[in-house]
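Novice: Before I ask anything, let me first share the structure, which is written out below as C-alpha coordinates.
Okay, here's the thing in C-alpha coordinates:
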(Lines of atoms letter the chains of each structure in order from A and count residues from 1; the text may use other names and numbers.)
(Lines give C-alpha, C1' and ligand atoms only; values in the text may rest on other atoms or scores of the structure.)
Protein backbone atom coordinates (compact mmCIF):
# COMPACT_ATOMS: atom_id res chain seq x y z
CA UNK A 1 0.00 0.00 0.00
CA UNK A 2 2.95 2.30 0.67
CA UNK A 3 3.86 2.43 -3.02
CA UNK A 4 0.30 3.57 -3.79
CA UNK A 5 0.38 6.46 -1.31
CA UNK A 6 1.87 9.11 -3.64
CA UNK A 7 -0.71 8.37 -6.33
CA UNK A 8 -3.56 8.38 -3.81
CA UNK A 9 -2.36 11.63 -2.25
CA UNK A 10 -1.96 13.18 -5.70
CA UNK A 11 -5.42 11.96 -6.62
CA UNK A 12 -6.94 13.51 -3.50
CA UNK A 13 -5.13 16.80 -4.15
CA UNK A 14 -6.41 16.92 -7.74
CA UNK A 15 -9.96 16.23 -6.60
CA UNK A 16 -9.75 18.89 -3.85
CA UNK A 17 -8.28 21.45 -6.23
CA UNK A 18 -10.90 20.57 -8.85
CA UNK A 19 -13.71 21.03 -6.36
CA UNK A 20 -12.26 24.42 -5.34
CA UNK A 21 -12.06 25.52 -8.99
CA UNK A 22 -15.59 24.30 -9.75
CA UNK A 23 -17.09 26.04 -6.71
CA UNK A 24 -15.19 29.21 -7.57
CA UNK A 25 -16.46 29.03 -11.14
CA UNK A 26 -20.05 28.65 -9.97
CA UNK A 27 -19.55 31.67 -7.71
CA UNK A 28 -18.49 33.80 -10.68
CA UNK A 29 -21.33 32.57 -12.87
CA UNK A 30 -20.90 29.76 -15.35
CA UNK A 31 -23.33 31.35 -17.78
CA UNK A 32 -24.12 35.01 -18.30
CA UNK A 33 -26.92 36.90 -20.00
CA UNK A 34 -28.46 35.25 -23.02
CA UNK A 35 -26.81 31.91 -22.17
CA UNK A 36 -23.38 33.36 -23.04
CA UNK A 37 -20.38 31.84 -21.35
CA UNK A 38 -19.77 33.63 -18.07
CA UNK A 39 -16.52 34.41 -16.24
CA UNK A 40 -16.81 31.23 -14.19
CA UNK A 41 -17.18 28.86 -17.14
CA UNK A 42 -13.49 28.03 -17.62
CA UNK A 43 -12.71 27.60 -13.90
CA UNK A 44 -15.78 25.38 -13.61
CA UNK A 45 -14.82 23.20 -16.58
CA UNK A 46 -11.19 23.02 -15.40
CA UNK A 47 -12.40 22.03 -11.94
CA UNK A 48 -14.66 19.28 -13.25
CA UNK A 49 -11.83 17.94 -15.41
CA UNK A 50 -9.43 17.97 -12.45
CA UNK A 51 -11.96 15.99 -10.41
CA UNK A 52 -12.41 13.46 -13.23
CA UNK A 53 -8.66 13.03 -13.75
CA UNK A 54 -8.07 12.84 -9.99
CA UNK A 55 -10.64 10.07 -9.67
CA UNK A 56 -9.12 8.20 -12.63
CA UNK A 57 -5.67 8.38 -11.03
CA UNK A 58 -7.08 7.20 -7.70
CA UNK A 59 -8.93 4.27 -9.26
CA UNK A 60 -5.82 3.29 -11.22
CA UNK A 61 -3.74 3.40 -8.04
CA UNK A 62 -6.24 1.22 -6.16
CA UNK A 63 -6.51 -1.30 -9.01
CA UNK A 64 -2.73 -1.41 -9.49
CA UNK A 65 -1.65 -4.82 -8.19
CA UNK A 66 2.02 -4.20 -7.54
CA UNK A 67 3.06 -4.30 -11.16
CA UNK A 68 6.04 -2.06 -11.82
CA UNK A 69 5.98 -0.36 -15.23
CA UNK A 70 9.04 -1.28 -17.30
CA UNK A 71 10.22 2.35 -17.44
CA UNK A 72 10.05 2.59 -13.66
CA UNK A 73 11.86 -0.74 -13.31
CA UNK A 74 14.60 0.44 -15.66
CA UNK A 75 14.92 3.68 -13.69
CA UNK A 76 15.21 1.71 -10.44
CA UNK A 77 17.81 -0.63 -11.90
CA UNK A 78 19.95 2.28 -13.01
CA UNK A 79 20.32 3.17 -9.35
CA UNK A 80 18.13 6.24 -9.04
CA UNK A 81 18.71 8.28 -5.94
CA UNK A 82 15.92 8.44 -3.40
CA UNK A 83 16.62 12.15 -3.15
CA UNK A 84 15.41 12.64 -6.72
CA UNK A 85 12.08 11.08 -5.79
CA UNK A 86 11.78 13.29 -2.72
CA UNK A 87 12.67 16.39 -4.74
CA UNK A 88 10.05 15.50 -7.34
CA UNK A 89 7.46 15.00 -4.60
CA UNK A 90 8.29 18.39 -3.08
CA UNK A 91 8.03 20.06 -6.48
CA UNK A 92 4.58 18.59 -7.05
CA UNK A 93 3.47 19.59 -3.55
CA UNK A 94 4.72 23.15 -4.06
CA UNK A 95 2.97 23.39 -7.44
CA UNK A 96 -0.32 22.20 -5.94
CA UNK A 97 0.10 24.60 -3.03
CA UNK A 98 0.71 27.49 -5.40
CA UNK A 99 -2.38 26.59 -7.42
CA UNK A 100 -4.48 26.50 -4.26
CA UNK A 101 -3.12 29.90 -3.21
CA UNK A 102 -3.94 31.20 -6.70
CA UNK A 103 -7.54 30.02 -6.41
CA UNK A 104 -7.82 31.73 -3.02
CA UNK A 105 -6.31 34.98 -4.36
CA UNK A 106 -8.68 35.31 -7.34
CA UNK A 107 -11.50 36.95 -5.33
CA UNK A 108 -9.01 39.53 -4.03
CA UNK A 109 -6.57 40.15 -6.89
CA UNK A 110 -8.67 39.00 -9.83
CA UNK A 111 -7.96 36.17 -12.23
CA UNK A 112 -5.32 37.80 -14.42
CA UNK A 113 -3.08 39.05 -11.60
CA UNK A 114 -3.44 35.81 -9.62
CA UNK A 115 -2.65 33.75 -12.72
CA UNK A 116 0.34 35.95 -13.51
CA UNK A 117 1.70 35.53 -9.98
CA UNK A 118 1.26 31.76 -10.28
CA UNK A 119 3.30 31.67 -13.49
CA UNK A 120 5.94 33.94 -11.94
CA UNK A 121 6.25 31.73 -8.85
CA UNK A 122 6.36 28.49 -10.86
CA UNK A 123 8.99 29.74 -13.29
CA UNK A 124 11.13 31.62 -10.78
CA UNK A 125 11.00 29.46 -7.65
CA UNK A 126 9.95 25.98 -8.77
CA UNK A 127 11.77 25.82 -12.10
CA UNK A 128 14.54 28.21 -10.97
CA UNK A 129 14.63 29.98 -14.33
CA UNK A 130 15.41 33.43 -12.93
CA UNK A 131 13.42 36.60 -12.37
CA UNK A 132 13.69 38.02 -15.88
CA UNK A 133 12.37 34.88 -17.55
CA UNK A 134 9.67 34.55 -14.87
CA UNK A 135 8.48 38.12 -15.39
CA UNK A 136 8.53 37.82 -19.19
CA UNK A 137 6.58 34.55 -19.16
CA UNK A 138 4.15 35.87 -16.57
CA UNK A 139 3.40 39.05 -18.50
CA UNK A 140 3.12 37.05 -21.74
CA UNK A 141 0.69 34.58 -20.15
CA UNK A 142 -1.44 37.43 -18.80
CA UNK A 143 -1.49 39.13 -22.21
CA UNK A 144 -2.42 35.93 -24.09
CA UNK A 145 -5.11 35.07 -21.55
CA UNK A 146 -6.58 38.59 -21.69
CA UNK A 147 -6.53 38.67 -25.49
CA UNK A 148 -8.08 35.20 -25.75
CA UNK A 149 -10.87 35.51 -23.20
CA UNK A 150 -11.63 39.20 -22.87
CA UNK A 151 -10.95 40.44 -26.40
CA UNK A 152 -11.60 37.47 -28.72
CA UNK A 153 -14.22 35.48 -26.80
CA UNK A 154 -15.67 38.46 -24.94
CA UNK A 155 -15.72 36.51 -21.68
CA UNK A 156 -15.18 38.74 -18.67
CA UNK A 157 -12.64 37.37 -16.21
CA UNK A 158 -13.17 37.71 -12.46
CA UNK A 159 -11.77 41.16 -11.54
CA UNK A 160 -11.41 40.58 -7.81
CA UNK A 161 -11.73 43.31 -5.21
CA UNK A 162 -8.74 45.22 -6.60
CA UNK A 163 -10.16 45.18 -10.13
CA UNK A 164 -13.48 46.51 -8.93
CA UNK A 165 -11.72 49.35 -7.07
CA UNK A 166 -10.03 50.50 -10.27
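Residue numbers (our numbering): 59 to 224.
Backbone N, C-alpha and C fix where the C-beta goes; we use that ideal spot for every residue, glycine too.
Just the C-alpha distance for residue 112 and residue 173, rounded to the nearest angstrom, thanks.
Specialist: Distance between the alpha carbons of residue 112 and residue 173 is about 22 Å.
Novice: For residue 188, count neighbouring Cβ atoms within 10 angstroms of its own Cβ and tell me buried if that reaches 16, exposed if not.
Specialist: Result: exposed.
Novice: Would you list the residues sitting across from residue 95 in a DSSP beta bridge?
Specialist: Partner(s): 89.
Novice: Step through the CB atoms of chain C and report whether any lies within less than 8 Å of the CB of residue 64.
Specialist: The displayed structure is made up of one protein chain only, and chain C is not part of it.
Novice: Is the separation between the beta-carbon of residue 170 and that of residue 200 shorter than 8 Å?
Specialist: In this structure, residue 200 lies closer than 8 Å to residue 170 by Cβ.
Novice: Is DSSP giving residue 186 helix, strand or coil here?
Specialist: If DSSP states are grouped into helix, strand and coil, residue 186 belongs with coil.
Novice: Compute the Euclidean distance between the alpha carbons of residue 148 and residue 68, then round it to the nearest angstrom.
Specialist: So the two alpha carbons sit approximately 12 Å from each other.
Novice: For the alpha helix (DSSP H) that contains residue 174, what are its first and last residues?
Specialist: 169-179 is the extent of the alpha helix (DSSP H) around residue 174.
Novice: Inspect the beta-carbon positions of residue 215 and residue 97 and report whether they are closer than 8 Å.
Specialist: Against a cut-off of 8 Å, the Cβ pair of residue 97 and residue 215 comes out as a contact.
Novice: Could you say which of 152, 106, 120, 71 lies nearest to residue 182 if we only look at CA atoms?
Specialist: Ranking 152, 106, 120, 71 by Cα distance to residue 182 puts 152 first.
Novice: Over what stretch of residues does the alpha helix (DSSP H) that includes residue 220 continue unbroken?
Specialist: Where residue 220 is concerned, the enclosing alpha helix (DSSP H) stretches over 218-223.
Novice: How many whole angstroms separate the CB atoms of residue 178 and residue 192, which I take to be in contact at a CB cut-off of 8 Å?
Specialist: Yes, residue 178 and residue 192 are in contact; Cβ-Cβ is about 5 Å, under 8 Å.
Novice: What is the DSSP secondary structure of residue 101, counted as helix, strand or coil?
Specialist: Of the three classes helix, strand and coil, the one that applies to residue 101 here is helix, per DSSP.
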